[in-house]
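Contents: one structure, followed by commentary.
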Amino acid sequence: MDRRESIRSLFLGSMAGSLALESCVSAPAEDIKASVWKYQYGRTPQEAAYDEKLLSTQFFENSELNTITKLANLILPPTAEGTIEQAEVPQFIEFMAKDFPSLQTKIRGGLMWLDHHCNQHYSKVFMNCSEDQQLETLDKIAYPDPKVKEQKQEVNFFSLMRNLVLTGYFTSEVGIKELGYQGNQPNVWDGVPSDVLKEHGFSYDEWEDKFADPAQRNDTAVWDDDGNLIS
Amino acid sequence: MQIIEDQKTYDVIVVGSGAGGGMSTKILAEAGLNVAVVEAGPFFDPANPEQQTQLKWPYESPRRGAGTTRAFGEFDMAYGGWEIEGEPYTQVGDTQFDWFRSRMLGGRTNHWGRISLRFGPRDFKGKDRDGLGENWPIGYEDVKPYYDKVDKLIGVFGSKENIYNEPDGFFLPPPKPRLHELYYKKGAEKSGVKVMPSRLSILTKRINDDRGVCFYCNQCSRSCSVYADFSAGSCLIFPAQKSKGQVDLYVNSMVREVSVNEEGKATGVLFINKEDRKEYSLKAKVVVLAASACSTARILLNSKSKAHPNGLGNSSNLVGKYVHDSTGSDRMAFVPDLMNRKIYNEDGVGGMHLYSPWWLDNKNLDFPRGYHIEVWGGLGMPSYGFGFNPNSLNEYLGLKVGGYGNSLRSDVRKYYGAVMGMSGRGESIASIDNYCEIDPTTVDEFGIPVLRFNYKWSDYERKQAKHMHDTFEEIIHNMGGIVLGDKPGADQDYGLLNPGRIIHEVGTTRMGSDPKKSVVNEFEQLHDANNVFVVDAGPFVSQADKNPTWTILALSWRTSEYIIQELKKQNI
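Same order as they appear, the protein sequences are chains A and B. FYI, the numbering for the first sequence is 561 to 791, going by the working numbering. FYI, the numbering for the second sequence is 13 to 584, going by the working numbering.
Here's what the structure looks like:
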């Protein structure tokens, strides 16, 4: 069986599984199908099968995913540069909870703490609170004290969510564009741009002749007997 | 039990397809020999789009690069890691040896750091310097011609520096330093630490028409699809397949033992095909073991016979003894001058552009041997973990840590590229008390008895790690940086990482002229069976503060020429 065949059979397997899935969660079979085919990046057949298994199940309840999405939008509100939805942050957090099961209770418990806290203070669950009330709640848990070793669980929960939201955002297409990362493409490195070098007080002058000359990179290397490059 | 026998007899069976096995396969096949390569993992070609991870974006994966299935992140090109399902290893007492294995054609060369350093004259004669360990039976002058040939065949960039124990070679031109590397240089030189272009086996210039030239994507750890980095599959095995000999690749084939005849000479190997889970036997005139230092020791120890009741090559009782890894410890720095940097493409090659070789004289120090310093940082591609604790560095600027809202976007941008790090990689002293052996109580999923490790660092290594941190802190202060994290104290072995973590484990089949004190001779030939050779890092008498690969390659070439000669003379 070739790799394409094996992926197809895995996929058919997941279709059968997704019938049962549909009854308890709202992820439609079409979405699962799309996600299984979306990610193609040199996995081994075993890795692809594992990913397919994770992608065809759902851990968080839809109501939890709504709260995660809201929380993510409070942590990084939408701007013209990009949004939580464009960066697929909720889907990423859902996936990571299955990939790193140790995250499950921390997140689920933290979400319950939010509702408990809001019930106590506003007689409403977090999602039914006004945005002012939601932010008032976050103000209590968003600032860990760097001098204290042990933070309260709700502070740890928020730090975890902030980490997942930020890493999810800045590893997305919109996030990487916003950051300005320029690489991951064929190019020729010829050193730090001269204006940046100058700004930081450096120069290549003291050893210029040692370095690779981009113009000669395609000429086949030839050395003399002493190891000096002559072409 | 029914073993499936292949009737063909090869000239040579090579076990393992990494640096040592790849080189041996190439040299032997070019001499016209029929060679079988037996590899425990699947076929791998970095140019195969189905296997390629190079140039993929984090968002092409649902886990954005996290390391769930591969220890260095899911785009890293090592199928395996420190833990492999179904292939356990065990520890004696409180030993914490971490054993990294990569199961694929090319082995660990597909993801390694490409740091390609020659051992210098002093590195072969450590005992002469400080009375510790043992000298190699050969010296730099014996290996130099092979280092020269490896440089030209595989390609390594670097600069001529005329330093006695860091011999120059046939270098390709090195890439210009990145910005954080220039900061490092400024800080290090203030402390008298030598800084020079690194020496990596990456093609900054064309060396032949079979391999492409580096296009600076920084992803050598993903194995290069145009073969511009050294990976054993693309640079040695594939060319060997095109040479005049015949090369048969047996992949997904886990060698259990070397088979021997009544006189104790090797007749071939016994392996398990992972796909059908059946045992097969292959025959050959010569067996070359290149399974990695510890895997080779395991195969030898599991090869018990009437002629070799203690395991093959083990009449000295030294197979598995003297295993030693490089010392390693790391530190990070925050460089305020690098905040709010102008962003440009700073990917460069897949590794550092500058480094520091060992620069001190041990006469004035309280530990033997040295370490080199690797440096890292820059405007890298985000992956899982990027953006964690986005403004924890605010602490050093008197600003509030934590929070939420769009100020976090500017925090991430502000600190992007402002953190860098240093890693010390040093020489430990080989000890007979550090060893791997067969654990009689445990087998892997193929029914093969597994290795059990016994390993303790000594004060030699601990004091070296302490010195690393003193040096790192001084350099960081010199360059205007802030040291991150607390200095590890005696209770943490001064930050010394577990043995095995640096993935330079060597020494399990040590080389020597006395069969009572060593396992192989200077041609990496077993004292106990003259048609069995070991061309991985097993024969290393000492590890030096250099990465082992360039020496594995040079010695494997030298041994392979010897095998060809001995076959011609009908001595083996």
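For glycine and all other residues, C-beta sits at the position ideal for the given N, C-alpha and C.
Apart from sequence neighbours up to five positions away, the residues of its chain that approach K172(B) with a beta-carbon distance below 6 Å are D180, ordered along the chain. Here E738(A) is buried. Its C-beta has 16 or more other C-beta atoms within 10 Å. Here M721(A) carries a helix assignment [DSSP, helix/strand/coil]. Interface with chain B (8 Å Cβ-Cβ cutoff): D659(A) is included. Judged by their CB atoms, Y408(B) and I494(B) are nearer to each other than the 8 Å cut-off. For the options V238(B), R218(B), W69(B) and G132(B), the alpha carbon positioned closest to that of V734(A) is the one of W69(B).
Beta-bridge partners assigned by DSSP to I494(B): F346(B).
Listed by position along chain A, the residues whose Cβ is nearer than 7 Å to that of S395(B) are T731. Annotation for Q555(B): no alpha helix (DSSP H) segment contains it, and DSSP assigns it neither H nor E. Per DSSP, G433(B) is one residue of the beta strand (DSSP E) stretching across V431 to G438. For G415(B), the nearest CB of chain A lies under 8 Å from its own CB, placing it at the interface with that chain. Contact check for S341(B) and H489(B): beta-carbon distance about 18 Å, past the 8 Å limit, so the pair fails to qualify. Comparing C-alpha distances from N446(B) to each of G397(B), G512(B), G382(B) and Q63(B) shows the shortest one belongs to G512(B). Between F136(B) and G119(B), the C-beta gap is not smaller than 8 Å, which leaves the two residues out of contact.
Under the three-state reduction of DSSP output, K598(A) falls in the helix class.
Look at R603(A) here: in three-state DSSP terms it is coil, with no helix or strand label. Of the other Cβ atoms in all chains shown, 16 or more fall within 10 Å of the Cβ of R464(B); this residue is therefore buried. With contacts defined by Cβ atoms closer than 8 Å, G170(B) and R218(B) do not form a contacting pair. For Q742(A), the nearest CB of chain B lies under 8 Å from its own CB, placing it at the interface with that chain. Across the stretch 471-484 of chain B, no CB contact with chain A closer than 9 Å is found for any residue.
Ranked by Cα distance from K426(B), the options S554(B), F55(B), N352(B) and I385(B) are led by N352(B). Non-local beta-carbon contacts of K630(A) in its own chain, meaning distances under 7 Å to residues more than five positions away in sequence, involve M687 in chain order. Per DSSP, the beta-bridge partners of R464(B) are T102(B) and E449(B). As DSSP reads the structure, Q537(B) sits in a beta bridge with F545(B). When secondary structure is reduced to three states using DSSP, P133(B) falls in the helix class. The three-state reading of DSSP puts D260(B) in strand, counting E and B together.
The Cβ neighbour count for T121(B), taken over all protein chains shown within 10 Å, is at least 16; the residue is labelled buried. Looking at the backbone, the Cα of N401(B) and that of G414(B) are separated by about 8 Å. The Cβ of G204(B) sits no closer than 8 Å to any Cβ of chain A.
Burial state of I635(A) is buried, judged by a 10 Å Cβ sphere holding 16 or more other Cβ atoms. Taking 7 Å as the upper bound on Cβ-Cβ separation, chain B lies near residues L634, I635, L636, P637 and T639 of the stretch 622-651 of chain A.
With a cutoff of 8 Å on beta-carbon distance, V335(B) and G519(B) are scored as near each other.
Taken through DSSP and simplified to helix, strand or coil, E17(B) comes out as strand. Taking N314(B) as the centre and dropping the five residues before and after it, the same chain places the C-beta of R268, E269, G323, I450, I460 and P461 closer than 8 Å to its C-beta, in chain order. Per DSSP, reduced to three states, the secondary structure at V424(B) is helical.
Nearest Cα to N264(B) within the set M116(B), W469(B) and E457(B): M116(B).
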